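Have a look at the structure below, then the notes.
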Amino acid sequence: MEAEIATEVTVTLVDDLDGSPAEETVRFAVGSTEYEIDLNTNNARALRQQLAPFTEHARQTRATTPPPGGTHRAGA
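With the first letter of the sequence shown counted as 1, position 51 gets the number 51 in my numbering; the numbers rise by one all the way through.
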């Protein structure tokens with residue numbers, strides 16, 4: 001009988017700004033470009049505080065996913 005081999009994978013988030021341990025991945029978009037960045041609690045708070053004057057006056061939108069096979073054109 002063959003022995004079973006167990007594998008354990010650990011993912012560690014590292015703050016993309018300062019290299020410290022990160023607690024979360026923050027996702028945001030500007031224009032048509034989406035971003036995500038791993039941040040510790042303090043840097044995530046700082047990012048949200050800097051964006052607050054804009055997000056407080058902005059409209060939320062739903063993410064849209066293009067249809068499979070590319071963009072759908074009317075009449076195509």
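The beta-carbon is built from N, C-alpha and C at its ideal position, and this holds for glycine as well.
On a predicted model such as this, the values are computed, not experimentally measured, just so you know.
- Where R45 is concerned, the enclosing alpha helix (DSSP H) starts and stops at 41 to 55.
- Cβ-Cβ separation between T25 and E36: approximately 5 angstroms, consistent with a contact (criterion under 8 angstroms).
- About 5 angstroms separates the beta carbon of A22 from that of N40, a gap short enough to meet the 8 angstroms contact definition.
- Taking C-beta atoms as the reference points, L17 and N42 fail to come closer than 7 angstroms.
- Rounded to whole angstroms, the separation of the alpha carbons of E4 and E34 is 42 angstroms.
- Residue pairing of A6 in beta bridges, as defined by DSSP: absent, with no partner found.
- The continuous stretches of beta strand (DSSP E) do not include E23, and DSSP gives it neither H nor E.
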